[in-house]
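Student: First residue of the sequence shown: 0, per numbering that gives the first Met the number 0; consecutive thereafter. This is the structure, below, for whatever I ask next.
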Amino acid sequence: MIGSMRYLLGDYTTEGGPGLVVAGPDGLGTPAAVVNPSWVSVTDSAVYSLTETEPGYAASWRLGPDFTLDRNGASRPTGGDNPCHAAVDPSGRWFLAANYGSAGGGSVAVFPIEADGSLGESTVVHKLVGSGPDAERQAGPHAHQVVCHGGFVLVVDLGSDRIWSFRLTEAGLLDPVASTELEPGFGPRHLAFIDDRAVLAGELANAVAVGTFDAGLGTFSFGPSIPLPDTDTADLAALPDIGLPEDAPRPYPAAVVPDPRLGLVYVTIRGTDQVAVIDPAAPALIRSVPVGASWPRDAVLGDDGTLLVACQHGGVVMRVDPNGAEAPVRVWECGGVSSVAPLT
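Below, the structure is given as structure tokens:
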């Protein structure tokens, strides 16, 4: 899967990570000194990182011919705490960051992307509202992902059990359009689209929901949630290939990775350290395979159909066969690794 490809890795320096770093067939390159670059995004003109701190920051970087990373312009405050996910809109003009937040709640910030790929000052920081039934995790809104799809900016809010829909204006402002209420306590984390379906991972419910998106209204319609493997569920015996220990910790779904070639979706599960394979057309859980390291947080699909999985607590990126036919393979050692993105 690796071949000559190179990938940008994000990590937590507070967990022993090197900082922002390029990984390839010859290992890790020289890291760029930045605190907790837990999420990375890649475009043709620049790469971007989020500094997950209180307060948070976003930064642009130039990728040199020898795969070194040089800061591109000023680092920008995200207007909130603990930014955890970002996206570039289809026009390439705007960078959007989801602030998970702390006691002050979550928000989403918009930044102009300058001609050289650097970030301008934020045009808006839109604060979310609401809460959920989990007193510990849902006392307030927590933006966990921002997605640009069908002319909308979609913000997945773990704290309020909602997906918020906005229109991004020419001035870089966010006009609220609609919101989709989810099952109370679902705790949505990440969303992905495949064919005409949307697949949403519920971090708190340890489940996925499959549904459709109304491109006119900006709203979703989801069917009943599909439970993911859990050692506490009675039907675990129906999935003998999982092989979970009896004392496995509580599972927390994380990344949602579509595989358009097979029409499947892969969901990483922290705690039980697996990848769940979902057939959204059924919809159903097909199987689950071990990743071979602790706390699989992010993943990316390779050309050969295997996954590169960033295992944060294991401090390693693993190559995982979602068919389960091959054992997981350690690819790169990287402390606190939390994000992986292919370089174009």
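Glycine included, each C-beta is placed from N, C-alpha and C at the ideal position. Keep in mind that this is a model prediction, so the values were computed, not measured.
1. Among A283, E332, S338, which one has its Cα closest to the Cα of P24?
2. Rounded to whole angstroms, what's the CA-CA distance from G335 to F66? Just pull it up for me.
3. In three-state DSSP terms, what is E180?
4. Nearest by alpha-carbon distance to P187: which of V274, G78, V209 is it?
5. Looking at C-beta atoms only, is the number of pairs between the region 100 to 112 and the region 31 to 38 that lie closer than 8 Å three or more?
6. Going by other Cβ atoms of all chains shown within 10 Å of its Cβ, with 16 needed for buried, is E202 buried or exposed?
7. Using beta-carbon positions only, say whether A298 and Y251 come within less than 9 Å of one another.
8. Quick check: V10 and S37, are their CB atoms within less than 9 Å of each other?
9. Out of curiosity, what's the CA-to-CA distance linking T77 and S48?
10. Between A45, D195, R318, which has its C-alpha nearest T259's C-alpha?
11. Counting C-beta neighbours from all protein chains within 10 Å, is the total for A206 16 or more, i.e. buried, or is it exposed?
12. From the DSSP output, in three-state form, read off T13 for me.
13. Please report how far the alpha carbon of G55 lies from the alpha carbon of N81, in whole angstroms.
14. In angstroms with no decimal places, state the Cα-to-Cα distance between S130 and S338.
15. So, using beta-carbon positions, are G217 and A177 closer together than 9 Å?
16. For G16 and N35, I'd like the C-alpha separation in whole angstroms.
17. Buried or exposed, going by whether 16 or more other CB atoms sit within 10 Å of the CB of V328?
18. For the beta strand (DSSP E) that contains G23, what are its first and last residues?
19. Along the chain, where does the beta strand (DSSP E) that runs through C310 open and close?
20. What's the call for S3, buried or exposed, on a 16-neighbour Cβ count within 10 Å?
21. Can you grab the Cα-Cα spacing for the pair A96 / P228, in whole Å?
22. Excluding five sequence neighbours on each side, which residues of the same chain lie with their C-beta closer than 6 Å to the C-beta of G116?
23. Reducing DSSP to helix, strand and coil, say where L235 ends up.
24. Let me know the beta strand (DSSP E) ranges lying completely inside the region 159 to 234, each 3 residues or longer, listed in chain order.
25. Here's the rule I'm using: 16 or more other beta-carbon atoms within 10 Å means buried, otherwise exposed. How should T13 be labelled?
26. According to DSSP, simplified to helix, strand and coil, what is W38?
27. For Y251, which of helix, strand or coil comes out of DSSP?
28. Can you look up Y6 in the DSSP assignment and give me helix, strand or coil?
29. Can you tell me whether C333 is helix, strand or coil according to DSSP?
30. Would S159 pass as an interface residue toward chain E - the criterion being a Cβ-Cβ separation below 9 Å?
31. Of the residues P248, E180, G184, which one's Cα is nearest the Cα of S220?
32. So, helix, strand or coil for L118, using DSSP?
33. In whole angstroms, what is the alpha-carbon distance linking V319 and G26?
34. Going by the DSSP bridge assignment, what does G26 pair with across the sheet?
35. Report the option in V21, V107, A254, H189 whose CA atom is closest to the CA atom of R166.
36. In the DSSP assignment, the beta strand (DSSP E) including F66 goes from what residue to what residue?
Tutor: By the coordinates alone:
1. Here residue 24 refers to the residue found at position 25 of the sequence shown. Residue E332 is the option with its Cα nearest to P24.
2. Counting from 1 along the sequence shown, the entry for residue 335 is found at position 336. Counting from 1 along the sequence shown, the entry for residue 66 is found at position 67. Straight-line Cα distance between these residues: approximately 21 Å.
3. In the sequence shown, counting from the first residue as 1, residue 180 sits at position 181. Residue state, collapsed to three classes: strand.
4. In the sequence shown, the residue the question calls residue 187 occupies position 188. The shortest Cα separation from P187 among V274, G78, V209 belongs to V209.
5. In the pairwise beta carbon analysis, the region 100 to 112 is classified as not touching the region 31 to 38: fewer than three pairs are separated by under 8 Å.
6. Here the question's residue 202 lines up with position 203 in the sequence shown. E202 should be labelled buried.
7. What you label residue 298 is simply residue 299 of the sequence shown in a count that begins at 1. What you label residue 251 is simply residue 252 of the sequence shown in a count that begins at 1. For A298 and Y251, no; Cβs fall outside 9 Å.
8. As a first step, residue 10 must be located in the sequence shown, where it is residue number 11. As a first step, residue 37 must be located in the sequence shown, where it is residue number 38. The identity of residue 10 in the sequence shown is Asp, whereas the question assumes Val. The beta carbons of D10 and S37 sit closer together than 9 Å.
9. Residue numbering aside, residue 77 sits at position 78 when the sequence shown is read from its first letter. Residue numbering aside, residue 48 sits at position 49 when the sequence shown is read from its first letter. Rounded to whole angstroms, T77 to S48 spans 11 Å at the Cα level.
10. As a working note, residue 259 is residue 260 in the sequence shown. Going by the sequence as given, residue 259 is Pro instead of Thr. Nearest C-alpha to P259: D195.
11. Along the sequence shown, read from residue 1 onward, the residue named residue 206 stands at position 207. By the 10 Å Cβ count, A206 comes out buried.
12. Taking the sequence shown and counting its residues from 1, one reaches residue 13 at position 14. Helix.
13. In the sequence shown, residue 55 corresponds to position 56, counting from 1. In the sequence shown, residue 81 corresponds to position 82, counting from 1. About 5 Å.
14. What you label residue 130 is simply residue 131 of the sequence shown in a count that begins at 1. What you label residue 338 is simply residue 339 of the sequence shown in a count that begins at 1. Between S130 and S338, the C-alpha separation is close to 27 Å.
15. Within the sequence shown, residue 217 is the residue found at index 218, counting from 1. Within the sequence shown, residue 177 is the residue found at index 178, counting from 1. Going by C-beta atoms, G217 is nearer than 9 Å to A177.
16. Reading the sequence shown from its first residue, position 17 is the one you call residue 16. Reading the sequence shown from its first residue, position 36 is the one you call residue 35. Taking the straight line joining both Cα atoms gives about 8 Å.
17. Mapped onto the sequence shown, residue 328 falls at position 329. Looking at its Cβ environment, which holds fewer than 16 other Cβ atoms inside 10 Å, V328 is exposed.
18. Here residue 23 corresponds to residue number 24 of the sequence shown, with the count starting at 1. Boundaries of the beta strand (DSSP E) around G23: 20 to 23.
19. Indexing the sequence shown from 1 puts residue 310 at position 311. Start and end: 306 to 310.
20. Mapped onto the sequence shown, residue 3 falls at position 4. Exposed, by the Cβ-count rule.
21. By 1-based counting over the sequence shown, the position of residue 96 is 97. By 1-based counting over the sequence shown, the position of residue 228 is 229. Each residue's alpha carbon lies about 31 Å from the other.
22. For the purposes of this step, residue 116 is taken as the residue at position 117 of the sequence shown. Around G116, the same chain offers S44, A45, S59, N71 as residues with beta carbons nearer than 6 Å, after the five sequence neighbours per side are excluded.
23. Position 236 of the sequence shown, counted from the start, is the residue given in the question as residue 235. Because the pLDDT at L235 is just 34, under 50, the model does not fix this residue reliably, and the value given afterwards should be weighed accordingly. Helix, per DSSP.
24. 161 to 167, 173 to 180, 187 to 193, 196 to 201, 206 to 213, 218 to 221
25. If you number the sequence shown from 1, residue 13 lands on position 14. The residue in question, T13, is exposed, as its Cβ has fewer than 16 Cβ neighbours within 10 Å.
26. Position 39 of the sequence shown, counted from the start, is the residue given in the question as residue 38. In this structure, W38 counts as strand in the three-state DSSP scheme.
27. Position 252 of the sequence shown holds residue 251. Y251: strand per DSSP, three-state reduction.
28. Residue mapping note: residue 6 aligns to position 7 of the sequence shown, counting from 1. In the three-state scheme derived from DSSP, where H, G and I count as helix and E and B as strand, Y6 is classed as strand.
29. Position 334 of the sequence shown holds residue 333. Correct three-state label for C333: coil.
30. Reference to chain E is not applicable here, since this structure consists of a single protein chain.
31. Within the sequence shown, residue 220 is the residue found at index 221, counting from 1. The candidate whose alpha carbon is nearest that of S220 is E180.
32. For the purposes of this step, residue 118 is identified with residue 119 of the sequence shown, where counting begins at 1. It is a strand residue.
33. On the sequence shown, residue 319 is found 320 positions in, with the first residue counted as 1. On the sequence shown, residue 26 is found 27 positions in, with the first residue counted as 1. About 18 Å.
34. The residue given as residue 26 occupies position 27 in the sequence shown. Beta-bridge pairing links G26 to G23.
35. Translated into the one-based positions of the sequence shown, residue 166 becomes position 167. Ranking the options by Cα distance to R166, first place goes to V107.
36. Numbered from 1 along the sequence shown, position 67 holds the residue referred to as residue 66. It is not in any beta strand (DSSP E) - F66 carries neither H nor E in the DSSP assignment.
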